[in-house]
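Engineer:
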Amino acid sequence: MKKLALLSLSTIILSGCVGQSTLERKTSFEFGYDQNQVQVSNISHGFSETTYNAMIKGKNITAPF
538 MKKLALLSLS TIILSGCVGQ STLERKTSFE FGYDQNQVQV SNISHGFSET
588 TYNAMIKGKN ITAPF
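Structure (structure tokens):
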């Protein structure tokens with residue numbers, strides 16, 4: 538039980554550390570675009586995942602991290 542609580546706590550802490558530039562870099566790499574063409578907004582840190590909106594070459598997507 539302690540391991541589960543520790544894992545949950547570390548997940549929350551790590552998801553809070555993900556910043557806008559990290560998400561822009563990761564998203565641009567996954568889609569094969571230059572990082573300057575990706576703009577990330579509306580970052581929502583959930584319990585087990587982080588979601589965000591990304592504007593890629595004029596198209597808006599919502600992606601999990």
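Numbering of the sequence shown is given in my numbering, commencing with residue 538 and proceeding in unit increments.
For glycine and all other residues, C-beta sits at the position ideal for the given N, C-alpha and C.
#1: Return the chain-ordered list of same chain residues with a C-beta closer than 8 Å to the C-beta of residue 574, the five sequence neighbours on each side being excluded.
#2: Do residue 578 and residue 590 come within 7 Å of each other at the CB atom, strictly closer than that value?
#3: Let me check one thing: in DSSP terms, what residues is residue 596 bridge-paired to?
#4: Give a yes or no on whether the C-beta atoms belonging to residue 562 and residue 572 are separated by under 7 Å.
Structural biologist: Considering the structure as presented:
#1: The residue you call residue 574 lines up with position 37 of the sequence shown. Only 565, 593, 594 meet the Cβ criterion.
#2: Translated into positions along the sequence shown, residue 590 becomes position 53. Translated into positions along the sequence shown, residue 578 becomes position 41. Yes.
#3: As a first step, residue 596 is located in the sequence shown; it is residue number 59 there, counting from the start. In the DSSP output, where bridge partners are listed per residue, residue 596 has 593.
#4: Along the sequence shown, read from residue 1 onward, the residue named residue 562 stands at position 25. Along the sequence shown, read from residue 1 onward, the residue named residue 572 stands at position 35. Against a cut-off of 7 Å, the Cβ pair of residue 572 and residue 562 comes out as a contact.
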